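Residue numbers (full-length UniProt numbering): 1 to 114.
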């Protein structure tokens with residue numbers, strides 16, 4: 001078997017023979033880096049958790065507002081349908097309900113953008 005010369009000119013007997021492959025053992029991360037890595041992951045978790053919790057809180061609040069407004073509008077429509085209002089009063093009542101829904105739409109679209 002022939003020995004390949006090492007490119008830097010160091011011809012020692014520890015060189016690998018031609019055609020032989022050397023096995024490389026992967027070195028595990030030093031134990032001194034593990035606590036630092038763990039702290040880094042904890043810090044990243046905190047940075048992600050706060051915006052996510054804020055997002056969930058905002059979504060829940062918006063959902064409550066939408067449910068409240070929609071139930072109020074639906075009950076207003078059923079009240080208007082069941083009562084004996086003059087045509088002008090009924091139109092005014094329905095216009096107020098429409099403006100209430102438009103306000104709700106404005107609130108929802110501005111909260112979605114933010």
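Backbone N, C-alpha and C fix where the C-beta goes; we use that ideal spot for every residue, glycine too. Note that the coordinates shown come from a computational prediction; the quantities given were computed from them, not determined experimentally.
Spatial distance of residue i from residue j (CA atoms)
| i | j | result |
| --- | --- | --- |
| residue 74 | residue 58 | 24 Å |
| residue 94 | residue 80 | 8 Å |
| residue 34 | residue 72 | 57 Å |
| residue 109 | residue 60 | 15 Å |
| residue 68 | residue 111 | 17 Å |
| residue 102 | residue 65 | 14 Å |
| residue 104 | residue 37 | 47 Å |
| residue 1 | residue 42 | With a pLDDT of 48 at residue 1, under the threshold of 50, the predicted position of this residue should be treated as unreliable, and no value is reported. |
| residue 89 | residue 70 | 21 Å |
| residue 99 | residue 91 | 12 Å |
| residue 45 | residue 51 | 11 Å |
| residue 55 | residue 40 | 23 Å |
| residue 106 | residue 63 | 14 Å |
Nearest-angstrom Cβ-Cβ length linking residue i and residue j, presumed shorter than 8 Å
| i | j | result |
| --- | --- | --- |
| residue 97 | residue 82 | Actually they are not in contact, since the Cβ atoms of residue 97 and residue 82 sit about 14 Å apart, beyond 8 Å. |
Unbroken stretches of the alpha helix (DSSP H), 4 residues or longer, contained in the region 17-100: Complete alpha helix (DSSP H) runs here, min 4: 33-82.
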